[in-house]
Amino acid sequence: MKSLVCTAPGHFEFREDAFPEATHDMARIRLKRVGICGTDLHAFEGSQPFFSYPRILGHELSGVLTDTGGAEGFEPGETVTIMPYFSCGTCIACRTGKPNCCAAIKVFGVHIDGGMREEILVPVGSLLQGQGLNADELALVEPLAIGAHGVRRAGVQPGEYVLVIGAGPIGLGTMELARIAGAQVIALDINADRLRFCKEHLGVHAVVNGSGADAIGQVKAITNGDFPTVVVDATGNLKAINNGIQYLAHGGRYVLIGLQKEAFSFSHPEFHKRESTLMSSRNAVREDFEHVILNMKTGSIRPQTYITHTVAFDEVPEQFESWLNPATGVIKAMVQF
Ligand SMILES: [Zn+2]
Ligand SMILES: [Zn+2]
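The sequence shown begins at 124 in our numbering and counts up one residue at a time.
And the structure:
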């Protein structure tokens, strides 16, 4: 079978591999879709921390089960997606119901080879039933589950103002899930096209261009002087993370979903006077995936609006680099098998 290997930053190579042999407790999936996300783009650029090469990318995927590996309730031939975070099951995080931040986590397509190949083997515990969703929709469950987890971590309540900084796919998903939780969502980005997308497709309450004059004043005015009680960083940009605290209401929660490599810092008095709660949000758990699937089934989330580019598996090496360029207007590129 064909595998697409990122051999070094900036380089892809197709490799001929043997089809994986099914074993007990490991399900075999024939790939249908792989979504491309920031993690993949950063890995290709060489700017992703903790990444080693060669590596097969791809962690947002859907496919058809060719062998269930003994997974209960699953049938060969059904369309599935997976939770691409493989946890140890024994560490303190796993023992306390937080396998998403397992001390020995292996993220499929990051720490171990992922889905850019014709067939994969994954632990049966990572499988999620398709529940009638199509292959495109199922490949979008994972990135949306990241937002669902952040919103749940923050304990977003109906009616409260939630500011989401960064309108990339993770930020957009966070806005959707915050809206579903009943929040009044404010989108902040420096890309006017992305902000327009938030307005037209996501039903956000307000948008603020961070590069414009007095973004802080605008957020203050939108919230009637209160500021948002939840601020979520979905940029993974150091400057944005350092500045985010300025948008936070007194008594509020500041949630970091995005990740970058440096130490962040902000004024202790600014943090302290708000009695701020600072939290990171890593990956997602089954409950978050199920929540996203349910909202796709009811139509509260329309994942198709995210897909701006589609490409055949064979053409990924030629197309991949262009998705690093914001001028292509890419939100979500989807690889078809
Ligand atoms: Zn992703
Ligand atoms: Zn663990």
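C-beta atoms are modelled at their ideal positions from N, C-alpha and C, and glycine is treated no differently.
{"Check": "So V331 and I309 are in contact, right, with Cβ under 8 Å, and what is the actual spacing, rounded?", "Outcome": "6 Å"}
{"Check": "Can K455 and L251 be called in contact, C-beta distance under 8 Å?", "Outcome": "no"}
{"Check": "Would you mind giving the Cβ-Cβ distance between A306 and E283, rounded to the nearest angstrom? I have them listed as a contact below 8 Å.", "Outcome": "6 Å"}
{"Check": "Could you check where the alpha helix (DSSP H) with R151 kicks off and where it finishes?", "Outcome": "Careful: R151 lies outside any alpha helix (DSSP H), inside the beta strand (DSSP E) at 149 to 159."}
{"Check": "Nearer than 7 Å: is that true of the beta carbon of T297 relative to any heavy atom of ligand 1?", "Outcome": "no"}
{"Check": "Could you pull the start and end residues of the beta strand (DSSP E) that A252 belongs to?", "Outcome": "Residue identity differs from the one stated: residue 252 is Gln in this sequence, not Ala. 250 to 252 is the extent of the beta strand (DSSP E) around Q252."}
{"Check": "Rank A363, E398, R405 by C-alpha distance to the C-alpha of S388 and give the top, closest one.", "Outcome": "A363"}
{"Check": "Can you tell me whether DSSP reads G179 as helix, strand or coil?", "Outcome": "It should be noted that the sequence gives Ile, not Gly, for residue 179. Three-state DSSP puts I179 in coil, outside helix and strand."}
{"Check": "Could you check whether the Cβ of T162 sits closer than 7 Å to any heavy atom belonging to ligand 1?", "Outcome": "yes"}
{"Check": "Is it right to say F320 is buried, meaning 16 or more other beta carbons lie within 10 angstroms of its own, or is it exposed?", "Outcome": "buried"}
{"Check": "Is P426 near ligand 1 - that is, is its Cβ less than 7 Å away from at least one heavy atom of it?", "Outcome": "no"}
{"Check": "Return the CA-CA distance between F197 and G359, expressed in angstroms with no decimal places.", "Outcome": "37 Å"}
{"Check": "For G452, tell me which candidate among V247, L417, G291 has the shortest Cα-Cα distance.", "Outcome": "G291"}
{"Check": "How many Å lie between A357 and G237 at the Cα?", "Outcome": "23 Å"}
{"Check": "By DSSP, does F387 sit in helix, in strand, or in coil?", "Outcome": "coil"}
{"Check": "Please tell me whether I179 and L127 are closer than 8 Å, where the distance is taken between their beta carbons.", "Outcome": "yes"}
{"Check": "Going by the beta-carbon positions, is the gap between H234 and S404 smaller than 8 Å?", "Outcome": "no"}
{"Check": "Put P246 into one of helix, strand or coil per three-state DSSP.", "Outcome": "strand"}
{"Check": "What is the rounded straight-line gap between the Cα of V439 and the Cα of G186?", "Outcome": "18 Å"}
{"Check": "For Q254, collect the residues of the same chain with a Cβ closer than 7 Å to its Cβ; drop the 5 residues on either side in sequence, then sort them by chain order.", "Outcome": "I416, K420"}
{"Check": "By a C-beta neighbour count over all protein chains shown, 10 Å radius and 16 as the cutoff for buried, is S399 buried or exposed?", "Outcome": "buried"}
{"Check": "Tell me the start and end of each unbroken beta strand (DSSP E) in the region 350 to 387 that is at least 3 residues and wholly inside, in chain order.", "Outcome": "353 to 356, 376 to 379"}
{"Check": "I want to check one thing, is the minimum distance from the CB of H182 to the heavy atoms of ligand 1 below 7 Å?", "Outcome": "yes"}
{"Check": "Could you name the residues whose beta carbon sits closer than 7 Å to any heavy atom belonging to ligand 2, keeping them in chain order?", "Outcome": "S210, C211, G212, T213, C214, A216, C217, P222, C225, A226, A227, I228"}
{"Check": "Could you give the C-beta distance for M402 and R156, rounded to a whole number, given that I count them as a contact under 8 Å?", "Outcome": "About 32 Å separates the two Cβ atoms, so there is no contact after all."}
{"Check": "Using DSSP with H/G/I as helix, E/B as strand and the rest coil, what is A227?", "Outcome": "coil"}
{"Check": "Count the other CB atoms, across all protein chains shown, that sit within 10 Å of the CB of Y377; report buried if there are 16 or more and exposed otherwise.", "Outcome": "buried"}
{"Check": "With DSSP run on the structure shown, which of helix, strand or coil describes Q442?", "Outcome": "helix"}
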